[in-house]
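Each residue of the sequence shown is one higher than the one before, starting from 39 at the first, in the numbering used here.
Okay, structure first, notes after.
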Amino acid sequence: MKGASLLARIRNPQLAIPRRQVLESELRDSVLEHLQGMCSTRLGSMLTHPDYGIPDVSEMVHSFPHAISMMQRALKHTIETYEPRLTNVRITHMASEGGDLIVRFDVSAQLVGESGKSPVKFETTFDVSRKITVR
39 MKGASLLARI RNPQLAIPRR QVLESELRDS VLEHLQGMCS TRLGSMLTHP
89 DYGIPDVSEM VHSFPHAISM MQRALKHTIE TYEPRLTNVR ITHMASEGGD
139 LIVRFDVSAQ LVGESGKSPV KFETTFDVSR KITVR
């Protein structure tokens, strides 16, 4: 019985279709997609979770160089609070290359999957046009 309802599967667990194992690459892609959404969400814009998201870079431009540590803390807090698939999160500011007005952070963590923990790394960039990239 392939299309058994949730209630039927609760009553009779044998009706449940075995769950396939999620590949590490799929898990990493899912986390990356969540981080992109998280970094694109302005801090305070979610009424149910006002600490979700990242401060608007344009509001912090007058606070440089202190804004870098504020962004670093906000990014770390949001990831640790709202992305449970990542542990041991470390955020490192990367020096700007040349005279560009881009703030870069290296996000290093451990990805928690079905097969244990594995190291992952993402790069987050913020520019003055409010464009945020996570890769």
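Ideal Cβ placement from N, Cα and C applies to all residues, glycine included.
Computed from a predicted structure; not experimentally measured.
May I have the straight-line CA-CA distance separating residue i from residue j, to the nearest angstrom?
| i | j | result |
| --- | --- | --- |
| N50 | M109 | 50 angstroms |
| D67 | H115 | 21 angstroms |
| F164 | I140 | 6 angstroms |
| Q74 | K155 | 21 angstroms |
| P157 | L70 | 14 angstroms |
Find the nearest neighbour of residue i within the set the options, judged by alpha-carbon distance.
| i | options | result |
| --- | --- | --- |
| T171 | E121, E135, F143 | F143 |
| S107 | T130, L124, T125 | T130 |
| S153 | P93, R58, L70 | R58 |
Report, in whole angstroms, the separation of the C-beta atoms of residue i and residue j, which I expect to be a contact under 8 angstroms.
| i | j | result |
| --- | --- | --- |
| E121 | H87 | With 8 angstroms as the limit, E121 and H87 do not qualify as a contact, their Cβ atoms being about 13 angstroms apart. |
| P105 | R128 | Before going further, note that residue 105 is Ala rather than Pro in the sequence given. So it is not a contact: roughly 19 angstroms between Cβ atoms. |
| D94 | R111 | About 15 angstroms; that fails the 8 angstroms criterion. |
Residue i: buried (16+ other C-beta within 10 angstroms of its C-beta) or exposed?
| i | result |
| --- | --- |
| M132 | exposed |
| T125 | exposed |
| I48 | exposed |
Looking only at its chain, what residues have a beta carbon closer than 8 angstroms to the beta carbon of residue i, apart from the 5 residues adjacent to it on each side?
| i | result |
| --- | --- |
| M84 | Y90, G91 |
| G151 | V60, E62, L65, R123 |
| T119 | D89, Y90 |
Among the residues of its own chain, which have a CB less than 7 angstroms from the CB of residue i, if the five just before and after it don't count?
| i | result |
| --- | --- |
| L44 | none |
So, is the C-beta of residue i closer than 9 angstroms to a C-beta in chain B?
| i | result |
| --- | --- |
| R58 | Within the model displayed, chain B is absent; a lone protein chain is all it includes. |
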